[in-house]
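Trainee:
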Amino acid sequence: MILYPEVKYMRFDSSRHITGLRSLILDSVKHIQKKNINIPDIKMLELGSYNGESTFLFSSIIKNITVVEPFKNGYDENDESSYANMIKVRKNFEYLNSENKNLIKLKEVVSDEFFYNNKEYFHWIYIDACHKYDNIKKDIQNSINLKPIIISGHDFSNNGVNRAVLENFKDIEVLRYEDDSWMVKIL
Ligand SMILES: C[S@@+](CC[C@H](N)C(=O)[O-])C[C@H]1O[C@@H](n2cnc3c(N)ncnc32)[C@H](O)[C@@H]1O
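Take the sequence shown: its position 16, counted from the start at 1, is 246 in this note's numbering, and no numbers get skipped.
#1: By Cβ distance, which residues of its chain are closer than 8 Å to L287, with the 5 residues on each side in sequence left out?
#2: Given a cut-off of 8 Å, decide if F345 and N372 are closer than it, judged by their beta-carbon atoms.
#3: Check whether the region 358-373 touches the region 256-271, taking contact to mean three or more Cβ pairs, one atom from each stretch, closer than 8 Å.
#4: Hey, out of K331, G304, M316, E310, whose CA is closest to V297's CA?
#5: May I have the straight-line CA-CA distance separating S279 from V340, to the nearest angstrom?
#6: How many Å lie between I334 and I292 at the Cα?
#7: State yes or no: is the C-beta of H384 within less than 8 Å of the C-beta of D342?
#8: Is any heavy atom in ligand 3 found nearer than 7 Å to the beta carbon of G304?
#9: Is K321 helix, strand or coil by DSSP?
#10: Return the residue from the list P378, S312, M413, F323 that minimises the CA-CA distance to N392.
#11: How would you label I381, buried or exposed, when you count the other beta carbons within 10 angstroms and need 16 or more for buried?
#12: What is the rounded straight-line gap between the Cα of K302 and the Cα of H353?
#13: Suppose you measure from the CA of E307 to the CA of E397; what does that come to, to the nearest Å?
#14: Counting only the same chain and skipping the five closest in sequence on each side, list residues whose C-beta sits under 7 Å from that of K368.
This is the structure in structure tokens:
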């Protein structure tokens, strides 16, 4: 029985989303490996998964992913995802990632709350939660405090994201990918 077939026709239609994220994944993994960390040992934190398409792509290589996703409406009046049926979004996430659920730890809280309680280290952090300037700024600063090897995220051309990224990484190169992802090598 096919439960949520619409998952197959969402952003996976966009080859740019897939090729961009795949390039980001390969570059990030290669860089982390240079620090003598093997792929099965890489710990990743993803902020904001929505239907779980990015999580699905990450989990093709990364075998330990913590996903922070509250599945709650109303976080940003300018983001259409903010008005989605989050019960359905959550089911899409579970359906799409059902084969990899043992690799994924889902934390259904906002990123502030997650960082406040978190004691774990992550080699790689991917930020794609609330794109409002104040929110992404806090997500970046909380991520920097964890001293990961890589901080990256999505929607670099969004005004709030762009400003927060460039302000926080003034002296480090910000790499760009064709799906509008960005990446910074911290270590
Ligand atoms: C742009 S979508 C993520 C898309 C996903 N990364 C992908 O590429 O398929 C943004 C997500 O961030 C979540 N979100 C919004 N505010 C958040 C917060 N403060 N902390 C964590 N997640 C948040 C929303 O619920 C939404 O699902």
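Even for Gly, the Cβ is constructed at its ideal location relative to N, Cα and C.
Mentor: Let me lay it out:
#1: Around L287: I248, L251, R252, I255.
#2: Yes; because the gap between Cβ atoms is below 8 Å, this pair is in contact.
#3: No contact exists between the region 358-373 and the region 256-271.
#4: Residue K331 is the option with its Cα nearest to V297.
#5: Here the alpha carbons of V340 and S279 stand approximately 12 Å from one another.
#6: The alpha-carbon of I334 is positioned some 10 Å away from that of I292.
#7: Their beta carbons are not under 8 Å apart, which means H384 does not touch D342 by this criterion.
#8: Absent from the structure shown: ligand 3. Ligands present: ligand 1.
#9: Secondary structure of K321 (DSSP, three-state): helix.
#10: For the residues P378, S312, M413, F323, the minimum Cα distance to N392 belongs to M413.
#11: It counts as buried.
#12: Taking the straight line joining both Cα atoms gives about 27 Å.
#13: Each residue's Cα considered, the two are about 24 Å apart.
#14: Sequence-distant Cβ neighbours of K368 in its own chain, meaning closer than 7 Å and more than five residues away, are D342.
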